[in-house]
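Colleague: Quick one: this structure, given as structure tokens, is what I'll be asking you about.
In the working numbering, the protein residues as written are 24 to 198.
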């Protein structure tokens, strides 16, 4: 049973800790969806750089990570700060909401083209493999995702696009 700390029964995804999750009304507003993509990712990247990769603007109730992918067209490394849903076994869910804009975010195309990536989560760099979720598994994990980030339930009302949902699984280092 969840004690409000994010702990859950074994075999179940961790429940989100109690805490502020943001105003859905503000986050779904057109001004936020237009301005947010130009303000928040650069702000997260700057804070991440200034702290040597140890910090993003997250909270226990709304965790974030830095996703490092290989560009699908360029082959260059791309860093993207994202809200992340922690799962059992060091896994994470990522939702390609893209501020509810019309198109899928570029990082989702990067993961489809090359599912091997890295994340930096609270100062720790982790190699991961991404799996695009579909069908019943996607629906099950979507329910987990919106428990952590309820705004996603509002985002789907302002776009016709189904958000891509990825599960990241840690992989062993070959070193």
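Positions of the beta carbon are idealized from the N, C-alpha and C atoms, including for glycine.
1. I'd like to know whether the C-beta atoms of residue 150 and residue 86 end up nearer to each other than 8 Å.
2. Residues in its own chain within less than 6 Å of residue 186 by CB, not counting five upstream and five downstream?
3. Between which two residues does the beta strand (DSSP E) holding residue 150 run?
4. When you compare each of 133, 103, 153 and 108 to residue 97 by their alpha carbons, which one comes out closest?
5. Among residues of its own chain, excluding the 5 on either side of residue 130, which ones have a beta-carbon nearer than 7 Å to its beta-carbon?
6. Can you tell which of 128, 167, 139 and 144 has the C-alpha that lies nearest to the C-alpha of residue 195?
7. Roughly how many angstroms separate the alpha carbons of residue 163 and residue 105, rounded to a whole number?
8. Alpha carbon to alpha carbon, how far is residue 153 from residue 184?
9. In terms of residue numbering, what span does the beta strand (DSSP E) encompassing residue 102 cover?
10. With DSSP as the reference, identify every bridge partner of residue 192, one or two as the case may be.
11. Might you give, ordered along the chain, the residues of its own chain that have their beta carbon closer than 6 Å to the beta carbon of residue 95, omitting 5 neighbours on each side?
12. Check this for me: beta carbons of residue 115 and residue 73, under 8 Å apart or not?
13. Would residue 67 be called buried (16 or more neighbouring beta carbons within 10 Å of its own) or exposed?
14. So, for residue 161: in the same chain, excluding its five sequence neighbours on each side, which residues have a beta-carbon less than 8 Å away from its beta-carbon?
Modeller: So, to answer that:
1. Contact flag unset, no.
2. Same-chain partners within the cutoff: 118, 119 and 120.
3. Start and end: 147 to 155.
4. Ranking the options by Cα distance to residue 97, first place goes to 133.
5. Contacts found: 90, 92, 101 and 103.
6. Taking residue 195 as reference, the option from 128, 167, 139 and 144 with the minimal CA-CA separation is 139.
7. Looking at the backbone, the Cα of residue 163 and that of residue 105 are separated by about 21 Å.
8. Separation of residue 153 and residue 184 (C-alpha to C-alpha, rounded to the nearest whole angstrom) is 20 Å.
9. Per DSSP, residue 102 is one residue of the beta strand (DSSP E) stretching across 100 to 106.
10. According to DSSP, residue 192 bridges with 152.
11. The beta carbon of residue 95 is closer than 6 Å to those of 132, 133 and 136 in its chain, skipping five residues each way along the sequence.
12. Result no, Cβ atoms of residue 115 and residue 73 do not sit closer than 8 Å.
13. With 16 or more other Cβ atoms within 10 Å, it is buried.
14. Answer for residue 161: 188, listed in chain order.
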